[in-house]
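Only one structure is covered here, and it is reproduced in the block below.
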Amino acid sequence: MKHKCYLRILLFLTAGMLLSTGLGAQQYPFHDKELSDSMRVDILLDMLTVEEKINLLSTNLGVPRLGIRNCFHSEGLHGMALGGPAHWGGKEDAPTTTFPQSYGLGSTWDTDLIRKVAEVEAHEIRYYTQRREDPRGGMVMRAPNADLARDPRWGRTEESFGEDAYLGARMTVAFIRGLQGDDPLYWKSASLMKHFMANSNEDGRDSTSSNFDERLFREYYSYPFYKGITEGGSRAIMASYNAWNGIPMTIHPLLEEITRKEWGNNGIICTDGGALRLLVTAHKAFPTLWEGAAAVVKATVGQFLDDYLLAVNQAITYGILTEKDIDNAIRGNLYVALKLGLLDSPGDYAAQPYTGIGVSETDKPWEKQEVRDFVRLVTAKSAILLKNKPARGGQIPLLPLDPGKIRSIAVIGPRADEVIFDWYSGTPAYTVTILEGIRNAVGPDVEVLYEPSNTMDKAYIAASKADVAVVCIGNHPYGTNARWFYSPVPSDGREAVDRKALTLEQEDLAKVVLKANPNTVLALVSSFPFAINWSEEHIPSIVHIANNSQELGNGLADVLFGKVNPAGRTTQTWVRDIADLPPMMDYNIRNGRTYMYFAGKPLYPFGHGLSYTTFEYGSLKMPESFADSTQIAVKIRNTGS
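Okay, so the sequence shown: first residue is -6 according to the numbering used here, each after it adds one.
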């Protein structure tokens, strides 16, 4: 009956449009903006052929026959990725603005800043997808990663905002709002959160099960996704490879029962790359791909990141998958297309608020000075001052450095003169290394000595000659080798590889430098915590900063020389020893994970981060009873000089 009702509406509207616009105009009933979103989607569904519906199970929202332009996915965890080690731009990399890794963005604890980061990204998304010459990418952004970093060994910690569900949720909501914009009708881009959910082990991720109770599901693992949908407005998620309590997430009933029916996600649910095949080969959930494909679609997953066509057609042929099942899965895809403006008529599309970007607005956004200055600011605000004591024989903390009192500075280490990009990075138009940033900060009157290593005692000699030494060490985001399932350094991690150690081999270089010069600053450039116990005990000043920013050097130098007061805070518990952690596959965080349940003495606690000034706080005011939300007031005074 419902189908017949919509068919009558469809025929009536089609006839009316043909009379008013003529046969030559590309006008369709789903163009009518006076109709509800749901009705427009239903009308379009009725107009699609079965073949078109099956094609919509891909990551392309386009329907050429009906004038709906193609629209694909893009990567964009910390800037649109059209390059980088994975060459997301295709045969030729294209420049985009590149911010610190999400781990660094989380360290700012600044939701306004994070929203602006995503706004910059969204603008570049529209620019590249809409420009007339060589359009790139797609407006469905696979970002943010709303997974929680429950364990520092997790290889993809760099993609996370940290271990805390509340902080992660606030950052997730801010990023989504930045990507999607504030227009009441249209999105600037579509935020697709990943990976739902409890996907925080890389080793064996395609076959393992993350086991925990519903309370942890509600309060911890799913919370950022829940807030991302209900508060942030995201209408797209990626199902993770793993199982939850034995059921693979790609076919889990909660995709429909919780995310759609309870939380209101009436948009996209997609698989992760190759997940259909892994249902058969890794999870052993089905003997054939066509049985797996049917189960995926019936779970209301509407997009495959797989070669799925043969399996879906076989499932239809064998009678275990129906057109109605496909309708239920892809209607969310069409809703996202509607919010991106793709279901409007050509005239209405041209009048939308974001469709001029890259068309009439042709300035390259990544070349704008205000954008570059903003990346520098974000980078500086992401830096965490972990320790700041006087050097041996000194009276005041070593940082900030005063370039007016320094005649020479040694910049030492393998991370001193390179900016390394992670697997989901783009390629920026330029980079500023730490060495270059320090040179920019001190000017020509200060001698800058540089050594990448201690080969033939060169680092020791350079440090001994300088007034101050900055030793730059850390991890390589993809392990110096892009080969999958492989990282040559045990303490390095990446996608598909968990960390096997927390100690930092390069810390030996810091020992050598400190022996040569007591005025040594450690710049730890890393995507996750390290057990730098020796450095914490001996080196006077330590600053952590994440990988990847195109303004890495300038941002860090702004902190080292006091142009920016460090405000970053840790988003994870930094443990002293790998033995302090529960087994990797123990997903019950009550057994000693995160600041809530960790029983040991951390190297740096969650929320740790120092400042160059001092503060005094008092006059705490709070209500006698608490409701769902409450306000607490406190007076804070800067008591520093």
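The C-beta atom is built at its ideal place from N, Cα and C for all residues, glycine as well.
None of these values were measured; they are calculated from a predicted model.
Element boundaries [beta strand (DSSP E), containing residue i]
i: T165; result: Where T165 is concerned, there is no enclosing beta strand (DSSP E), although the alpha helix (DSSP H) it sits in stretches over A158 to Q173.
i: N381; result: I377 to N381
i: H66; result: H66 to E68
i: I261; result: I261 to C263
Residue i CB to nearest heavy atom of the ligand ATP below 7 Å
i: G197; result: Because no ligand of any kind appears in the structure shown, any question about the ligand ATP cannot be addressed here.
Residues sharing a beta bridge with residue i, DSSP
i: V404; result: Y443 and V463
i: G611; result: K628
i: F189; result: A232
i: I538; result: V518
i: P241; result: A236
i: E138; result: First, the residue type needs correcting, since residue 138 is Asn and not Glu in the sequence shown. In the DSSP output, where bridge partners are listed per residue, N138 has K187.
i: E635; result: No answer is possible for residue 635: it lies beyond the span of the chain, which begins at -6 and ends at 634.
i: R487; result: V490
i: Q362; result: The partner list for Q362 (beta bridge, DSSP) is empty, contrary to what the question assumes.
i: S202; result: A236
i: A74; result: E68
i: Q296; result: C263
Cutoff 8 Å; reference residue i; Cβ partners in own chain excluding five residues on either side
i: E411; result: T426
i: D450; result: none
i: L160; result: G99, W102, F154 and T564
Cβ neighbours of residue i in the same chain (closer than 7 Å, five flanking residues each side left out)
i: P575; result: N584, G585 and R586
i: A115; result: G171, L172, G174, K181 and S182
i: A550; result: G430, I431, N433 and A434
i: V368; result: T90, F92, S542, Q543 and E544
i: E224; result: V166
i: I413; result: H469, P470 and N540
i: T14; result: At T14, the pLDDT of 42 sits below 50, so the modelled position is not reliable and the matter cannot be decided from this model.
i: R400; result: V439, E440 and D460
Of the residues the options, the one placed nearest residue i, counting alpha carbons only
i: D105; options: I61, V166 and G131; result: V166
i: G387; options: Q296, V461 and M449; result: V461
i: E284; options: D300, Q296, D265 and I309; result: I309
i: L50; options: R125, N306 and G257; result: N306
i: F205; options: G197, D199 and S215; result: S215
i: T101; options: N558, P246, E44 and G486; result: N558
i: Q316; options: L38, D300 and T264; result: Per the sequence shown, residue 316 should be read as Glu rather than Gln. The option with the nearest alpha carbon to E316 is L38.
i: S457; options: L271, L282 and T513; result: T513
i: F218; options: L302, I230 and L59; result: I230
i: F523; options: A455, K84 and T563; result: T563
i: D318; options: T293, I118, W256 and L303; result: T293
i: E117; options: K187, H71 and R630; result: H71
i: R630; options: T623, K614, S618 and E609; result: E609
i: D199; options: H188, E207, R208 and L209; result: H188
i: K277; options: S446, Y580, I244 and D570; result: I244
i: G472; options: G419, D415, E440 and G226; result: D415
i: Q499; options: L596, W527 and F478; result: W527
i: K26; options: I262, G226, G76 and D337; result: D337
i: W81; options: G419, E126, L370 and G260; result: G419
i: I571; options: L495, Y580 and Y588; result: L495
i: S69; options: N321, R569, R119 and A275; result: A quick correction: the sequence has Gly, not Ser, at residue 69. Minimum Cα distance to G69 is reached at R119.
Close beta carbons around residue i, own chain, < 6 Å, minus the five adjacent residues each side
i: Q345; result: Y179 and G334
i: T607; result: T632 and G633
i: K220; result: A162 and V166
i: K374; result: T101 and A560
i: P533; result: K382, A384 and L391
i: E444; result: I405, K451, A452 and A455
i: S612; result: K628
Opening and closing residue of the alpha helix (DSSP H) in which residue i lies
i: S618; result: From DSSP, S618 is part of no alpha helix (DSSP H); its letter is neither H nor E.
i: V110; result: T104 to Q123
i: A438; result: This sequence places Asp at residue 438; Ala is not what is there. Counting along the chain, D438 falls outside any alpha helix (DSSP H), and DSSP gives it neither H nor E.
i: Y219; result: Y216 to T223
i: Q307; result: L302 to T310
i: P339; result: P339 to A343
i: W283; result: L282 to K291
i: A268; result: A268 to T274
i: G637; result: Given a span of -6 to 634 for the chain in the structure shown, any question on residue 637 remains unanswerable.
i: V43; result: V43 to N48
i: G676; result: The structure shown does not extend to residue 676, since the chain is modelled only from -6 to 634, so the question has no answer here.
i: H531; result: N526 to H531
i: D318; result: E316 to K332
i: S95; result: S95 to S100
Check whether the region 402 to 409 and the region 464 to 472 touch, using three or more Cβ-Cβ pairs below 8 Å as the test. yes
Do the region 354 to 361 and the region 312 to 329 touch if we need at least three Cβ pairs shorter than 8 Å? no
Count Cβ pairs between the region 356 to 370 and the region 505 to 522 that sit closer than 8 Å; are there 3 or more? no
Below 8 Å, can you find three or more Cβ-Cβ pairs linking the region 486 to 494 to the region 186 to 200? yes
Give a yes or no on contact between the region 55 to 63 and the region 294 to 301, applying the rule of three or more CB pairs nearer than 8 Å. Cβ pair count under 8 Å is below three, so no.
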